[in-house]
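These protein sequence lines map, in sequence, to chains A and B.
All residue numbers for the first sequence refer to the numbering used here, where the first residue is 289 and numbers rise by one.
All residue numbers for the second sequence refer to the numbering used here, where the first residue is 289 and numbers rise by one.
Idealized CB from N, CA, C, for every residue including glycine.
Predicted model, so just to flag it, every value in this text is computed and none were measured.
Notes follow the structure.
There are 2 protein chains.
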Amino acid sequence: MEPGERIVIIKADGSLLVHRSTGYEPVNWMPGGNTFCSVQTKEQTLQIRVQRKRPAEAVNVIFDEIQFVASLILSDAGEFSLYASEEDMQKAVLLKPELLEERFKPIAYEKKVEPGFVDVYGEDKDGKFVVVEIKRRTAGKEAVMQLARYLEAVRGRTDREVRGILAAPGTGKDVLRTLAALGLEYKHLDPRKCAETITRVSTRKLADFLKGS
Amino acid sequence: MEPGERIVIIKADGSLLVHRSTGYEPVNWMPGGNTFCSVQTKEQTLQIRVQRKRPAEAVNVIFDEIQFVASLILSDAGEFSLYASEEDMQKAVLLKPELLEERFKPIAYEKKVEPGFVDVYGEDKDGKFVVVEIKRRTAGKEAVMQLARYLEAVRGRTDREVRGILAAPGTGKDVLRTLAALGLEYKHLDPRKCAETITRVSTRKLADFLKGS
DNA sequence: ACGTCGATCTCGAAC
DNA sequence: GTTCGAGGTCGACGT
Chain A
289 MEPGERIVII KADGSLLVHR STGYEPVNWM PGGNTFCSVQ TKEQTLQIRV QRKRPAEAVN
349 VIFDEIQFVA SLILSDAGEF SLYASEEDMQ KAVLLKPELL EERFKPIAYE KKVEPGFVDV
409 YGEDKDGKFV VVEIKRRTAG KEAVMQLARY LEAVRGRTDR EVRGILAAPG TGKDVLRTLA
469 ALGLEYKHLD PRKCAETITR VSTRKLADFL KGS
Chain B
289 MEPGERIVII KADGSLLVHR STGYEPVNWM PGGNTFCSVQ TKEQTLQIRV QRKRPAEAVN
349 VIFDEIQFVA SLILSDAGEF SLYASEEDMQ KAVLLKPELL EERFKPIAYE KKVEPGFVDV
409 YGEDKDGKFV VVEIKRRTAG KEAVMQLARY LEAVRGRTDR EVRGILAAPG TGKDVLRTLA
469 ALGLEYKHLD PRKCAETITR VSTRKLADFL KGS
């Protein structure tokens with residue numbers, strides 16, 4: 289790679305990004321994860337080497353000149369939202385059924401039906417059965433199909449009316465249309481609110497970050 | 289998007305990158321190009337808005353707190369290669385035919401033949417005619433086809449042997465194979481060297497950058 | 001201008 | 001672990 293003035297970012301997970309003055313994509317990079325980073329000075333240059341095992345490859349960055357350096361530790365709320373796993377969201381719905389809808393009564397979770405396990409299974413205010421499929425993040429078509437299969441299985445075992453609800457922080461393209469076409473419903477479910485429901489600790493910490501240290 | 293400590297980069301082309309402390313991908317972004325950027329302060333926050341027309345969308349960045357700011361102008365060799373337009377590269381080959389090959393003698397440029405205009409037209413050291421197609425960046429299949437058409441046209445007007453040369457800084461996938469299959473040749477032509485040939489000014493500047501100010 | 005396709009794709013989730 | 005599908009994919013190429 290030819291020399292030029294660049295912005296180099298080394299992240300906490302070992303990711304390396306080399307950016308030019310234009311363009312969305314980095315001109316060179318190394319994804320985070322199984323990376324090993326080493327630094328040395330050599331003939332008036334600073335050399336940084338980042339390598340990984342699989343695939344076996346390495347990126348060497350050679351600094352002839354350094355305009356400025358900054359070292360930061362970023363405290364990011366996003367890392368906390370990782371704490372809201374699909375399991376946490378399930379627990380949250382069980383603890384606070386109104387997150388899903390008013391007067392919803394959970395009956396079972398991880399209930400075995402033919403194709404697999406239903407995330408949450410319950411009863412709505414009118415006594416209709418409700419099958420809930422929960423996704424941690426944007427739900428795609430496969431989530432819809434999963435829900436549809438479970439719904440089919442449950443309907444085969446009862447004469448009562450059965451509703452199917454897909455609960456996720458968002459939906460992919462066409463998912464809402466597909467749901468409507470199959471007579472299914474969508475409910476927005478925020479992973480962060482779910483996390484707050486099962487533990488208040490992380491909220492407190494988040495507030496600290498916003499006020500600054 | 290939930291708040292957290294981030295690294296925000298606004299590039300010269302209007303690209304916006306918002307990075308977290310981990311991962312290759314930006315957590316939010318706006319590609320460069322048709323973007324319009326505005327800044328305002330509001331209720332103790334700094335707000336940056338970047339929007340584009342097609343697709344119609346915008347990204348708002350709200351700073352509750354700023355750890356540090358840096359404004360840089362990056363002088364990158366890549367930008368200099370922009371200064372070497374296809375026309376410049378053509379001039380460079382005319383001024384310094386050895387950029388293409390030893391003892392190449394240009395006869396005409398932008399010469400009209402049936403399908404359009406041949407970039408450079410000349411004669412090699414053995415007296416064979418040479419048709420040159422120049423591309424300022426990575427040449428794709430369409431460049432090969434263009435060259436092939438011109439070559440066909442020229443061959444129809446002479447009994448002398450005619451060579452076809454594609455000159456570019458690089459080639460796309462399969463282009464070299466296609467060239468070989470059609471009996472055409474490829475010559476690496478560096479836009480930067482072409483730019484240096486037609487004017488020494490930029491070279492001097494680049495050298496300054498590398499040595500530091 | 002709009003679709004299709006490749007990428008050092010990256011990034012998860014399912015299996 | 002490996003494979004598979006999605007992405008606001010981005011960019012390049014073809015029509």
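Taking 9 angstroms as the cut-off, the Cβ atoms of aspartate 376 of chain B and alanine 483 of chain B count as close. Below the 8 angstroms Cβ cutoff, chain B contributes Ile297, Lys299, Leu305 as neighbours of histidine 307 of chain A, in chain order. Using a Cβ-Cβ cut-off of 7 angstroms, threonine 310 of chain B is close to Lys299, Ala300, Asp301, Ser303, Gly320 of chain A, given in chain order. Restricting attention to A:Val315, A:Asp412, A:Leu360, the CA atom closest to the CA of threonine 310 of chain B is found in A:Leu360. Residue B:Ala441 holds the alpha-carbon nearest to the alpha-carbon of valine 401 of chain B among B:Ala441, B:Asp478, B:Pro479.
Any Cβ of chain B closer than 9 angstroms to the Cβ of phenylalanine 351 of chain A would place that residue at the interface, and such an atom is absent.
Within 10 angstroms of the beta-carbon of valine 432 of chain A lie 16 or more other beta-carbons, which makes it buried.
Scanning the segment 411 to 450 of chain B for uninterrupted alpha helix (DSSP H) segments of 4 residues or longer gives 429 to 443, listed from N- to C-terminal end. Note: serine 326 of chain A is bridge-paired with A:Arg337 in the DSSP secondary-structure output. Taking C-beta atoms as the reference points, lysine 416 of chain B and arginine 451 of chain B count as a pair closer than 9 angstroms. According to the DSSP secondary-structure assignment, threonine 466 of chain B is paired through a beta bridge with no residue. Closer than 9 angstroms to the CB of glutamate 290 of chain A there is at least one CB belonging to chain B.
Residues of chain A with a Cβ closer than 9 angstroms to the Cβ of phenylalanine 405 of chain B do not exist; the shortest Cβ-Cβ separation is about 31 angstroms.
In chain order, Met289, Arg294, Val306, His307, Arg308 place their CB closer than 8 angstroms to the CB of valine 315 of chain A, counting only its own chain and leaving out the 5 sequence neighbours on each side. In this structure, glutamine 335 of chain A keeps its C-beta atom at 9 angstroms or more from the C-beta atom of methionine 318 of chain A. By alpha-carbon distance to glutamate 374 of chain B, the top candidate from B:Ala358, B:Phe392, B:Arg425 is B:Arg425. Taking the C-beta atoms as reference points, lysine 429 of chain A is found nearer than 9 angstroms to glycine 460 of chain A. In this structure, the beta-carbon distance from leucine 454 of chain B to leucine 387 of chain B does not fall below 9 angstroms. Using beta-carbon distances, arginine 480 of chain B counts as an interface residue toward chain A, with a partner under 9 angstroms.
Around the beta carbon of aspartate 447 of chain A, a 10 Å sphere encloses fewer than 16 other beta carbons of the protein chains shown; the residue is thus reported as exposed.
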